[in-house]
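Please read the structure below before turning to the comments.
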Amino acid sequence: MSTKSKTTSQLLKQNDEPISNTRRLKKKNLANIEEIESILHDLEIEPTNASNSGRRYCNCMARKHPLFEIAPNCLNCGKIICTKEGLQPCSFCGSDIIPSKDKEEIIKLLAREREDLLLSSPQPTSQPKSKKKIVVQVNKGEKFWEAQDRAFKEAEKELKKKEEALKEEQEDADLSNAQSRLETLLNYQETGAERMKIIDNAGDFELPTHTLWLTPEERALNLKKQQRLKKDEELERERKSRGERVVEMSIKDGKVSMVEKYVTKKQEQSEDEIKLQESINQKRAESSQNASSQVWDYDNDKLKWEKPIYFQTSDTLISSEEPIVNTKNRVQFAQEDAEELISTLIT
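Residue numbers (the numbering used here): 22 to 368.
Structure, rendered in structure tokens:
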């Protein structure tokens, strides 16, 4: 097989090709960025250079100079703008060629394009990492394939070492994640009770004393309970502020363990509360009995009333159970017509 040999100059040219391409791209990007910056500069400085002395006048109507493509004509008077006049107020009517809103949008678009060009500029390529070489020396009297087998074995050992190192790194990452998770859970377990504790003093002592459906006795009882709960809270606060604690000491297996506890002391119900509660319960029982006695009974109510009796025009009494006799004929016609009808039926 014939192989084409390459000279050092050709090899150097091949290596220089990507560098030259990157340089060209950089030059293009730099040229584009410079153009954008110059346009932005003109757009931002245009209002300041709006004096009559700095204006450029040309009436060629884009026949001598090329057409100004950004704003080819004035929107007010219609004059054709060439590149000589450029970005400036109209030389005929003096109005702005580009409205202020459009100018702001153009500035935003150009600034965004400049940022994109700066971000998309080619970064310097990183040099490839140097690969580790396995060097095997051929001993005296050793054959070539024996040295080759020894080199392959060393390469396999290196591969196994790399695989084990990767596995250890993965295991270490999983272990660190598990340990961090365990620490967060233990921290939450230690401080979770305090986080989940809800202190609602208003809800504890807010009793329905102002509802419309409570009796005066029930309102008085609720007020008594509210006062008692407030006293309990004040006593608990005073006890904790003084630092009083109840300590339990237990001796087990030759060890002494101390346990601190807060024993809450609640006040018992007063006699007034007990009396009010008993009177409320008694009234509730009486009201329930009265309500059950006031239920309408059909049979008892039926015995209170008598059957109705209907009277005629005469003095004779007729009970409602006797049937009413109708003496009038249902078919109404004269007596003569009836006799004729009977005679026709007989014949």
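C-beta atoms are modelled at their ideal positions from N, C-alpha and C, and glycine is treated no differently.
Everything numeric in this text was worked out from a predicted model, so none of it was measured.
Asked                                                                                                                                                                  : Found
For N97 and S121, which I take to be in contact (beta-carbon distance under 8 Å), what is that distance rounded to the nearest angstrom?                               : Not confirmed; about 14 Å, so no contact.
Just how far apart, CA to CA, sit L235 and V316?                                                                                                                       : 25 Å
When you compare the region 74-84 with the region 164-182, are there three or more beta-carbon pairs, one atom per stretch, that lie closer than 8 Å?                  : no
Are the CB atoms of L242 and Q298 within a distance shorter than 9 Å?                                                                                                  : yes
Of all the options I272, N94, D123 and I128, which has the alpha carbon lying nearest to the alpha carbon of S112?                                                     : N94
Please report the straight-line C-alpha distance between A312 and L324, rounded to a whole angstrom.                                                                   : 22 Å
Leaving out the 5 sequence neighbours to the left and right, which residues in its chain are closer than 8 Å to D293 when beta-carbon positions are compared?          : K245
Enumerate in chain order the residues of its own chain whose CB-to-CB distance from E55 is below 6 Å, with the five nearest sequence positions on each side excluded.  : none
Who are the near neighbours of E87 in its chain, counting only those whose CB is closer than 6 Å to its CB and skipping five residues on each side?                    : For the sequence presented, residue 87 should be read as Pro rather than Glu. Here the set comprises T104.
For L366, count neighbouring C-beta atoms within 10 Å of its own C-beta (all shown protein chains included) and say buried if the count is 16 or more, exposed if not. : exposed
Nearest to L139 by CA position, among I57, I119 and V159, is which residue?                                                                                            : I57
By DSSP, does Y78 sit in helix, in strand, or in coil?                                                                                                                 : coil
Roughly how far, in whole angstroms, is the beta-carbon of L61 from the beta-carbon of L131, given that I think they are within contact range, below 8 Å?              : 5 Å
Using the Cα positions of I102 and E90, report the straight-line distance between them to the nearest angstrom.                                                        : 9 Å
Look up L96 in the DSSP assignment and say whether it is helix, strand or coil.                                                                                        : coil
Less than 9 Å between the C-beta atoms of E239 and I301, yes or no?                                                                                                    : yes
Would you call P110 buried or exposed, if buried means 16 or more other Cβ atoms sit within 10 Å of its Cβ?                                                            : buried
Please determine, among I127, G99 and L180, the residue with the shortest C-alpha to C-alpha distance to C114.                                                         : G99
Specify, as a first and last residue, the run of the alpha helix (DSSP H) that E90 falls within.                                                                       : Looking at the DSSP string, E90 is not in any alpha helix (DSSP H), and its letter there is neither H nor E.
Looking at the structure shown, is E55 part of a helix, part of a strand, or coil, going by DSSP?                                                                      : helix
Going by DSSP, name the residue or residues bridged to C103.                                                                                                           : L88
Could you check if I272 is buried or exposed, using at least 16 other CB atoms within 10 Å of its CB as the buried criterion?                                          : exposed
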